[in-house]
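These protein sequence lines map, in sequence, to chains A and B.
Per the numbering used here, the first sequence starts with residue 1, numbered consecutively.
Per the numbering used here, the second sequence starts with residue 1001, numbered consecutively.
One structure is given below, encoded as structure tokens.
There are 2 protein chains.
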Amino acid sequence: MTDALLPQRPPVMKDVARIAGVSHQTVSRVLNGHPSVSASVRERVETVIEELGYRRNVAARSLVTRRSRTVGVLATELVQYGPSRTLLGLESAARDADYFVSIATVRDVSIKSVREALNHLGDQSVDGIVVVVPHPGILEALSLIEHSFPVVTATSATGGPLGSAAVNQRLGARMAVQHLIELGHTRIGHVSGPMNWFDAVERVEGWREALTEAGLQADILIQGDWTAERGYEAGLSLGSSDASAFFIANDQMALGFLRGVQECGLRVPDDVSIVGYDDQPDAGFFYPPLTTVKQDFEELGRRSIKALLEQLDSGTIPPKQMIDPAIVVRASSGPLRR
Amino acid sequence: MTDALLPQRPPVMKDVARIAGVSHQTVSRVLNGHPSVSASVRERVETVIEELGYRRNVAARSLVTRRSRTVGVLATELVQYGPSRTLLGLESAARDADYFVSIATVRDVSIKSVREALNHLGDQSVDGIVVVVPHPGILEALSLIEHSFPVVTATSATGGPLGSAAVNQRLGARMAVQHLIELGHTRIGHVSGPMNWFDAVERVEGWREALTEAGLQADILIQGDWTAERGYEAGLSLGSSDASAFFIANDQMALGFLRGVQECGLRVPDDVSIVGYDDQPDAGFFYPPLTTVKQDFEELGRRSIKALLEQLDSGTIPPKQMIDPAIVVRASSGPLRR
DNA sequence: GGAAGCCCTGTTAGCGTTCACACTTTGAAA
DNA sequence: TTTCAAAGTGTGAACGCTAACAGGGCTTCC
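Shown next, in the form of structure tokens:
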């Protein structure tokens, strides 16, 4: 009765219903786009909703529907270029589909921290999660831990039974190596990422395949860890190999590698050609500008959400999505000089 | 009765209560750490909770408490080094405090997109939000839009009526300039960020203050936009100034600047000294390694959450937190040579 | 010995939605 | 005319939790 004049309480469905002269259920129907509501009533209700600034209470809604319209993002290394861009794509696609995005990061790949992160997301009763953690270790942990929601991965080209979107990193690596072969190089080394990353494995495989198919040896392999520091060390130690070109698994390592190589007195690309991976925004301003492989990580995020929502709607796992890379040629790679 | 054997339905409070032989309210009390529960009952209930793997339903809880235990993060430029690190800190602090983190990004600074993001977070009835968007424009929009939850900013040293944590960027800029003055430089230029960023403004101010206090002119100012490309252009145009040293507002621009300067035939640091800002992970592997200012952005995130939760508990706005920077000296800065 | 207090526990009533169903009205088919 | 279906609308009961109150023991005090 009296509550008609208490503006401090946000309006609820009943308020809308009362003012529009209908039942709360009709308001609900309008809100959910139910077909059997007459046009005139629908319009009247919508007007009142607008006037009152009514917004539906998600807690009450998800209490009864058992859906939260929230997707969880399980992430790590959010500071790395790829993952952070992916997150951006995830968020915008989720918002477009009227979903919320809740994040949980893991600091390490232990079962314990994955379980904690999963519990955290589970507590919020997310409808599904997207894993932006590119370690097989995580997927293993995931398969060991019981969970009640669909999981989609947003990373590499391999990957197991889970629905996923992926950037075709193997192809990207092949393109990089192909480019070097076309320039006349025959001894092409690789500085890889840590082998507990899918991305690293895929890029190694692509490197190896391209060389083998061209009848070349794939025997100069240095394992790195994505950091510029490790790339620098690899560059310094280059003297012990006879490679005239290197494919480096990411741009940051390539940056360090460039410096290491140049400190040894070698010139890039005259003495050694270098190709990176990621095309992070400043790769064009390395010294010299870096030839690298570009991936659309934002698109990866968007497709992952799409795959997850499809899985949520249909219950079936949609076919894997592949996103193709492109090579960006700059000054760090050039023809072989002998 | 019969539902004791239906494992597909996740257990609810009543199930725990029944098995433990208490009322559901007692279970609730145990869960919420209410003092007046006897030790024996508490233990019994906890055992059952453990056995059943019971987890409390947040939707039901927040329906009645009108709190969601969720903090919203309003962010943009999540790919930039500072913001992405800040997000990491935010997430871990929030999780420690048993809060969820829900993100909403804005692509531009228009009132429209801020309102949309705010509505999005509001729909989820977040308890408060942390703004990681360093534009005054956003704060302005924020103050124009009606919102019903506390807001904390995580950025710069100035900032208005809102609670906040901040990195002391003015001090950081002063330290950078101080360092150059100590090396004997008297003509010190600055390449700034876009002036619609607090961070950019603060760094300019710090630069200006340090110079003025030393009795030096602060008249060589180039406006940039954080990108390496713009830094590169600035570096190329350096010829038209008589500066022997430059303070660059972030590392990415410094990278481009380095390259531009060197393309002009100048050597770093022999002909010109350069100091950046951020100490992003690969700054030590630029060519030459970059002297820069380090900020603990993760700590910034943590303190922001702390400030927000305090505000949530006490209702009062806690005093602003300041995080001090540190200078990291590398090879890109050296004594003045005349 | 009874009133008063405390500690612990249970009962009841919401929170704001959606779901399942029941009820009217209308129009067409029988 | 009667019958039935379909379209539109309303009613009541969940959903799983917490808040407020109510009660039953026990001690304590006059």
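For every residue, glycine included, the Cβ atom is placed at its ideal position computed from N, Cα and C.
query = Taking Cβ-Cβ distances shorter than 7 angstroms, what residues in chain A pair up with Tyr1232 (chain B)?
reply = Phe285
query = Of the residues B:Thr1316, B:Pro1134, B:Ile1111, B:Leu1121, which one's Cα is nearest the Cα of Leu1144 (chain B)?
reply = B:Ile1111
query = Using the C-alpha atoms, what's the distance from Thr1076 (chain B) back to Val1177 (chain B)?
reply = 29 angstroms
message = Could you tell me the alpha carbon to alpha carbon distance between Ser241 (chain A) and Val1261 (chain B), rounded to whole angstroms?
response = 33 angstroms
ask   = Whole-angstrom Cβ separation of Tyr1099 (chain B) and Thr1065 (chain B), contact assumed at under 8 angstroms?
value = Incorrect: roughly 14 angstroms between the Cβ atoms, too far for contact.
message = Considering only the alpha carbon of each residue, which of B:Glu1233, B:Gly1301, B:Asn1250 lies closest to Glu1263 (chain B)?
response = B:Glu1233
request  = Output the boundary residues of the alpha helix (DSSP H) element that contains Gly1235 (chain B).
outcome  = 1228-1236
key: Under the three-state DSSP convention, the category Gly1082 (chain B) falls into   = helix
ask   = Of all the CB atoms in chain A, is at least one closer than 9 angstroms to the CB of Ser1068 (chain B)?
value = yes
message = Between which two residues does the alpha helix (DSSP H) holding Met253 (chain A) run?
response = 251-263
query = Between Glu1298 (chain B) and the rest of its own chain, which residues show a CB-CB distance below 6 angstroms, the 5 nearest in sequence each way excluded?
reply = Arg1085, Leu1088, Gly1089
query = Hey, is Phe100 (chain A)'s beta-carbon within less than 9 angstroms of any beta-carbon in chain B?
reply = yes
request  = From the DSSP output, read off the bridge partner residues of Ser314 (chain A).
outcome  = Paired residue(s): none; Ser314 (chain A) is not in a bridge.
Neighbourhood of Gln1217 (chain B) by C-beta, 8 angstroms cutoff - its chain only, sequence neighbours within 5 removed = Arg1187, Leu1211
query = What do you reckon, are the CB atoms on Leu255 (chain A) and Leu290 (chain A) nearer than 9 angstroms?
reply = yes
Residues in the region 1102-1133 of chain B having any Cβ partner in chain A nearer than 9 angstroms = Ser1102, Ile1103, Ala1104, Thr1105, Arg1107, Glu1116, Ala1117, Asn1119, His1120, Leu1121, Gly1122, Asp1123, Gln1124, Ser1125
message = How far does the alpha helix (DSSP H) with Lys1112 (chain B) in it extend, from its first residue to its last?
response = 1111-1123
inquiry  = Since Thr1153 (chain B) and Asp1199 (chain B) should fall inside the 8 angstroms C-beta cutoff, what is the C-beta to C-beta distance between them, to a whole number of angstroms?
reply    = Not quite, the Cβ-Cβ distance comes to about 12 angstroms (not below 8 angstroms), so this is no contact.
query = Can you name the residues that DSSP bridges to Leu1221 (chain B)?
reply = B:His1190
message = Restricting to Cα atoms, I'd like to know which of B:Val1329, B:Ala1097, B:Arg1029, B:Arg1009 is closest to Leu1180 (chain B).
response = B:Val1329
Backbone secondary structure at Val328 (chain A) - three-state DSSP = strand
inquiry  = Taking 9 angstroms as the threshold (beta carbon to beta carbon), is Thr1227 (chain B) in contact with chain A?
reply    = yes
request  = May I ask you to verify whether the region 306-316 of chain A touches the region 262-280 of chain A, counting CB pairs closer than 8 angstroms and requiring at least 3?
outcome  = no
Residues that Leu1063 (chain B) contacts on chain A, provided the C-beta gap is smaller than 8 angstroms = Asn57, Ala59, Ala60, Leu63
query = Would DSSP call Asp1015 (chain B) helix, strand or coil?
reply = helix
inquiry  = For Leu238 (chain A), which residues in the same chain have their Cβ closer than 6 angstroms to its Cβ, ignoring the five residues on either side in sequence?
reply    = Val261
query = With 16 as the cutoff for other CB atoms within 10 Å, does Ala39 (chain A) come out buried or exposed?
reply = exposed
task = Spell out whether any CB of chain A is found under 9 angstroms from the CB atom of Arg1208 (chain B).
result = no
query = Just reading off the beta strand (DSSP E) that Ser273 (chain A) is part of, what are its end residues?
reply = 273-275
ask   = Starting from Gly1206 (chain B) and walking both ways along the alpha helix (DSSP H), at which residues does that stretch end?
value = 1198-1213
key: One or two residues paired with Gly72 (chain A) in a DSSP bridge   = A:Ser102, A:Ile129
message = Using only the alpha-carbon positions, how far apart do Val58 (chain A) and Asp123 (chain A) sit?
response = 15 angstroms
task = For Ile307 (chain A), count neighbouring C-beta atoms within 10 Å of its own C-beta (all shown protein chains included) and say buried if the count is 16 or more, exposed if not.
result = A small fix is needed here, since residue 307 (chain A) is Ala in this sequence, not Ile. It counts as buried.
task = Pull up the DSSP beta-bridge partners for Ala1245 (chain B), would you.
result = B:Ile1188, B:Ser1273
task = In the DSSP assignment, find the alpha helix (DSSP H) that holds Ala1097 (chain B) and state where it starts and stops.
result = No alpha helix (DSSP H) contains Ala1097 (chain B), which DSSP labels as neither H nor E.
key: Beta-carbon spacing of Ala1249 (chain B), Val1191 (chain B) below 9 angstroms   = yes
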